[in-house]
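Scroll down for the structure; my scribbles are underneath it.
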């Protein structure tokens, strides 16, 4: 799933960064070429960074939910089960 997300993010950033260049290049064939770093490497790095950050945030959210569930279970046990004794 992460690989699919990475590919989708790279394609989206590639289209966002280069959309204006492609339309201008189609209208004016003599328009100067874009360097490989600006055309391909920059969107790839943005896609990788976005995917890594998104997966980290998703992982933090999962652990926060896990910790919340453990704390909620402990508080339930403390107030309702151990409190009756």
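Residue numbers (the numbering used here): 1 to 85. Here a beta-carbon is modelled for each residue, glycine too, at the ideal position from N, C-alpha and C.
Rounded separation between residue i and residue j - CA only
i: residue 26; j: residue 17; result: 16 Å
i: residue 72; j: residue 61; result: 16 Å
i: residue 12; j: residue 34; result: 18 Å
i: residue 19; j: residue 4; result: 22 Å
i: residue 47; j: residue 59; result: 18 Å
i: residue 54; j: residue 84; result: 44 Å
i: residue 77; j: residue 70; result: 11 Å
i: residue 57; j: residue 79; result: 32 Å
Buried versus exposed, by CB contacts within 10 Å (16 or more), residue i
i: residue 29; result: exposed
i: residue 23; result: exposed
Check whether residue i and residue j have beta carbons under 9 Å apart
i: residue 21; j: residue 39; result: yes
i: residue 6; j: residue 51; result: yes
Run of the alpha helix (DSSP H) containing residue i, from where it starts to where it stops
i: residue 10; result: 2-27
i: residue 46; result: 42-76
Whole-Å CB distance - residue i paired with residue j, under 8 Å assumed
i: residue 43; j: residue 67; result: At roughly 36 Å, the Cβ-Cβ gap does not stay under 8 Å, so residue 43 and residue 67 are not in contact.
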